[in-house]
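Residue numbers (this note's numbering): 9 to 221. Idealized CB from N, CA, C, for every residue including glycine. Small disclaimer: the values here were computed from a predicted structure and weren't measured.
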């Protein structure tokens, strides 16, 4: 059962990173101010994995978030992840099982549920050269390294568009794999029904509940 949340390891910057840190911080501060102004967020995203052995796969998903209550729902073709802020439900559609656990709001894992906030603490960062993407123009590139050396990835590449929104996040795993979350559409401050963040048994008929609390 493959979860969409990924672990991490340490990365050491080389060269004249210190001179670039202030610019990287200013960009991240602008991104943070932008997202802090949103109460709810809805996105369509793409998750792409490139394995070290050459095997690649990608999925499209949807994410709903109520920031004030730390609630979210993530929908992928093979799994759903739902949290009401206290309890988390992980529904594996192929196995028809739902794991129930206490929510983990730490930044130990990076996924759609904390893609807009993970960089606020626990990371060192440095700016890199801008990159140009067709149809989007120039993207500002920030590279981050976790301060916790026990994590399983060594670098995160964050690209920010001209509106100070995150375009994508690429996670470089120690195994040689790369995982990228790309934000395709972004809708903010729209009402989201409270039921969105509750596990509805009727939507998962025949699923076995596994309580891990």
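When you compare only the Cα positions, how much space is there between residue 34 and residue 51? 25 Å
So what does DSSP say about residue 161, is it helix, strand or coil?
strand
Practice task
Quick one: using the 10 Å Cβ neighbour count with 16 as the cut-off for buried, is residue 163 buried or exposed?
Solution key: buried
>> Measuring CB atoms only, is the stretch 168-184 touching the stretch 75-83, in the sense that at least three cross pairs come out at less than 8 Å?
In response: no
Notebook entry, point to check: Looking at the unbroken beta strand (DSSP E) that takes in residue 212, where does it start and where does it end?
Noted result: No beta strand (DSSP E) contains residue 212, which DSSP labels as neither H nor E.
Pairwise C-alpha distance: residue 146 and residue 169: 7 Å
CA nearest to the CA of residue 161, picked from 167, 177, 148, 171: 177
Q.
Can you confirm whether the stretch 35-49 touches the stretch 189-204 when touching is taken to mean that 3 or more C-beta pairs between the two stretches lie within less than 8 Å?
A. yes
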